[in-house]
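Chemist: One structure follows; several queries about it will come next.
Residue numbers (the working numbering): -17 to 121.
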């Protein structure tokens, strides 16, 4: 159901063990758009005590994966991604990433992703995707 929140939130997919390990939760999903969240903690930090850039990029990538794979039966993968870090995130912040489809062709897609905290942008990203085939109905 477009825009529906999974009961209690949930991982992107039971098969996405990396997102599960990070603690990424799916909040909203509709065709071409998805929102995910990450409650940050010390396990997400670098040696400076700030949320690691890799955690921010992974959150953006998780939003991209959910948005680009939102059409039933399609398997889509990222082929490019560029992120711009706007400010440091600190442990304890609830980060939200929203991915929105900018354009979708027969096989290629373009997406814009914003990672934010309380409405303030922490990072912005752009990414391209490739339709690689069909996804099983339960995949």
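Idealized CB from N, CA, C, for every residue including glycine.
#1: Quick check on residue 5: does DSSP put it in helix, strand or coil?
#2: Leaving out the 5 sequence neighbours to the left and right, which residues in its chain are closer than 7 Å to residue 26 when beta-carbon positions are compared?
#3: Can you give the Cα-Cα distance for residue 29 and residue 76, rounded to whole angstroms?
#4: Within 10 angstroms of the Cβ of residue 11, are there 16 or more other Cβ atoms? Answer buried if so, exposed if not.
#5: By the DSSP assignment, the beta strand (DSSP E) with residue 50 in it spans what residues?
#6: Would you check whether the ligand MN has a heavy atom nearer than 7 Å to the C-beta of residue 56?
Modeler: From the atom records:
#1: Numbered from its first residue, the chain shown carries residue 5 at position 23. Three-state DSSP puts residue 5 in coil, outside helix and strand.
#2: Within the chain shown, residue 26 is the residue found at index 44, counting from 1. So the qualifying residues of the chain are 33, 34, 37, 73.
#3: For this step, residue 29 is matched to residue 47 along the chain shown. For this step, residue 76 is matched to residue 94 along the chain shown. Each residue's Cα considered, the two are about 20 Å apart.
#4: Here residue 11 refers to the residue found at position 29 of the chain shown. By the 10 Å Cβ count, residue 11 comes out buried.
#5: Within the chain shown, residue 50 is the residue found at index 68, counting from 1. Note, residue 50: premise wrong, no beta strand (DSSP E); alpha helix (DSSP H) at 35 to 50.
#6: Absence of the ligand MN is noted for the structure shown, with no ligands found whatsoever.
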